[in-house]
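Peer 1:
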Amino acid sequence: MRIAYLTQIAVAAESGPLRKTAEQIACWQQFGHQVALFPITRRPELWPGLAALDVRPIAVAGRLARFLGAGRIADQVARFRPDLVYLRFANFYPHVARLGRRFPLAVEVNTLDLSEFRRQLPLAHWLFHLATRRLVFRTAKGIVALSREIAQQPEFQGLPVLVLANGIDFRRYGEPPPAAVGDAPRLVFVGHAGQPWHGVDKLLTLARLLPDCRFDVVGYGPADLCLPLPANLTAHGFLPLPRYEALMAQADIAVATLAYHRIAMREGSPLKLREYLAMGLPSITAFADTDFPAGAPFLLRLDNTADNIAPALAEIRAFVAAWRGRRVPRQALAHLDIVEKERQRLAFLGDLAQR
5 MRIAYLTQIA VAAESGPLRK TAEQIACWQQ FGHQVALFPI TRRPELWPGL
55 AALDVRPIAV AGRLARFLGA GRIADQVARF RPDLVYLRFA NFYPHVARLG
105 RRFPLAVEVN TLDLSEFRRQ LPLAHWLFHL ATRRLVFRTA KGIVALSREI
155 AQQPEFQGLP VLVLANGIDF RRYGEPPPAA VGDAPRLVFV GHAGQPWHGV
205 DKLLTLARLL PDCRFDVVGY GPADLCLPLP ANLTAHGFLP LPRYEALMAQ
255 ADIAVATLAY HRIAMREGSP LKLREYLAMG LPSITAFADT DFPAGAPFLL
305 RLDNTADNIA PALAEIRAFV AAWRGRRVPR QALAHLDIVE KERQRLAFLG
355 DLAQR
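Read left to right, the sequence shown gives residues 5 to 359 (the numbering used here).
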């Protein structure tokens, strides 16, 4: 197939979603498909990790320009002559409808947008999104949903839906590094400032309740957190992948998303949790993982509530003690492998392209 991958993700700097996109496309190419990435962006500069891909930035100055330039955007994608357009869902713009009328359109939905975007967008933008989001799904031939919870949205009724959680490219990680036992248990958290559902404020609470443990926080600097910080917590700010993987290699336990309740979500498969597991790190979560519906011994699932740290302190202590110095066995994670997940995605897209 010839697949045009359309996204509004910023492509000038490394991020988790951008790495996911690059890994998806690389995998599709390895399966023999021709893929072009069309990022609609204000900044046409490219993260070096995209160098091996066919990237065709569409430079657009702002929201108004995306409306006025709908024909130009659609024509630029159409010149690739795709068999299918793959859209990472964000906001509606007219070029989406134009492309959906000309080519089969598959839409990847990564969140419950009604709750998440309400917190993120200015009121006027939110009202516009509320009024236009259905237009994206009316144009789609099928949906790729990141979780069962997302797949249940009423707008998807009558459409083919594939539930496919985030995976990980184990080929990049190799075998998990051996656990290093230091003077104190080490816990690591990797996130991105400005995402309230991460629950990094709860991590500060946990650090104060576990003074005998050390905490490393990546993606948040001191200015992003409520001061004073606990003495046993270091806020490293943004770190490139090799540096935060070095921190993870020294950790005993990882901490994943703790506050999905803030965006009315109960289920997920965060990319950072996949990275933790690829490094062999047992992890503390507060949600149902799509790929582990029955849970797993190496995942401690807290309640998805506002007050989920102090009441679970004894469980957390026991989990840290039980898993300190151990790594998650790779064979327990085989179903997370990106190669198998992308094989499923491509089979689904192939069916849509024939409709």
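We put the CB at the ideal spot given by N, CA and C, even for glycine.
I'd like to check one pair, A290 with R190: are the Cβ atoms closer than 7 Å?
Peer 2: By 1-based counting over the sequence shown, the position of residue 190 is 186. By 1-based counting over the sequence shown, the position of residue 290 is 286. No, they are not a contact pair.
Peer 1: Ignore the nearest five residues each way along the sequence and tell me which others in I44's own chain have a CB closer than 6 Å to its CB.
Peer 2: Counting from one through the sequence shown, the residue named residue 44 turns up at place 40. So the qualifying residues of the chain are Q12, I62, V64.
Peer 1: At what residues does the beta strand (DSSP E) containing D1 begin and finish?
Peer 2: This structure does not reach residue 1, given that the chain is present from 5 up to 359, and the question cannot be answered.
Peer 1: Run through DSSP, which three-state label would H202 get?
Peer 2: For the purposes of this step, residue 202 is taken as the residue at position 198 of the sequence shown. The answer is helix: DSSP assigns H202 an H, G or I state.
Peer 1: Measuring alpha carbon to alpha carbon, tell me which of D117, P86, R106, F107 ends up nearest F93.
Peer 2: Taking the sequence shown and counting its residues from 1, one reaches residue 93 at position 89. Here the closest residue by C-alpha is D117.
Peer 1: Classify H129: buried if its beta carbon has 16 or more other beta carbons within 10 angstroms, exposed otherwise.
Peer 2: Within the sequence shown, numbered from 1, the residue matching residue 129 stands at position 125. H129 comes out exposed.
Peer 1: Hey, which unbroken runs of the beta strand (DSSP E) at 3 residues or more fall wholly within the region 69-137?
Peer 2: As far as the region 69-137 is concerned, its whole beta strand (DSSP E) runs of at least 3 residues are 88-92, 109-113.
Peer 1: Which parts of the region 267-291 are runs of the beta strand (DSSP E), unbroken and 3 residues or longer, counting only runs that do not cross its ends?
Peer 2: Within the region 267-291, the complete beta strand (DSSP E) runs of at least 3 residues are 287-289.
Peer 1: From the DSSP secondary-structure annotation, give me the bridge partner or partners of Q335.
Peer 2: What you label residue 335 is simply residue 331 of the sequence shown in a count that begins at 1. DSSP output for Q335 lists no bridge partner at all.
Peer 1: Going by the CB atoms, is the gap between I147 and V100 shorter than 7 Å?
Peer 2: Position 96 of the sequence shown, counted from the start, is the residue given in the question as residue 100. Position 143 of the sequence shown, counted from the start, is the residue given in the question as residue 147. No. Outside cutoff.
Peer 1: Is DSSP giving R176 helix, strand or coil here?
Peer 2: As a first step, residue 176 must be located in the sequence shown, where it is residue number 172. The answer is helix: DSSP assigns R176 an H, G or I state.
Peer 1: So the candidates are L109, D58, R138, P244; which of them puts its Cα closest to the Cα of F96?
Peer 2: Counted from its first residue, the sequence shown places residue 96 at position 92. For the residues L109, D58, R138, P244, the minimum Cα distance to F96 belongs to R138.
Peer 1: Helix, strand or coil: which one does DSSP assign to I257?
Peer 2: To locate residue 257, count along the sequence shown from 1; it is residue 253. Residue state, collapsed to three classes: strand.
Peer 1: With distances taken Cα to Cα, identify the nearest neighbour of V185 among Q335, G223, L10, R330.
Peer 2: Position 181 of the sequence shown holds residue 185. If we check each option's Cα against that of V185, R330 comes out closest.
Peer 1: Verify whether the separation of the beta carbon atoms of A239 and G223 is less than 7 Å.
Peer 2: By 1-based counting over the sequence shown, the position of residue 239 is 235. By 1-based counting over the sequence shown, the position of residue 223 is 219. Their beta carbons are not under 7 Å apart, which means A239 does not touch G223 by this criterion.
Peer 1: Rounded C-beta distance between L281 and L88? I'm assuming under 8 Å.
Peer 2: Position 277 of the sequence shown, counted from the first residue, corresponds to residue 281. Position 84 of the sequence shown, counted from the first residue, corresponds to residue 88. Between L88 and L281 the Cβ distance is about 31 Å, and since that is not below 8 Å, they are no contact.
Peer 1: Going by C-alpha distance, which of V194, R122, A250, V204 is nearest L134?
Peer 2: As a first step, residue 134 must be located in the sequence shown, where it is residue number 130. Comparing Cα positions, the closest option is R122.
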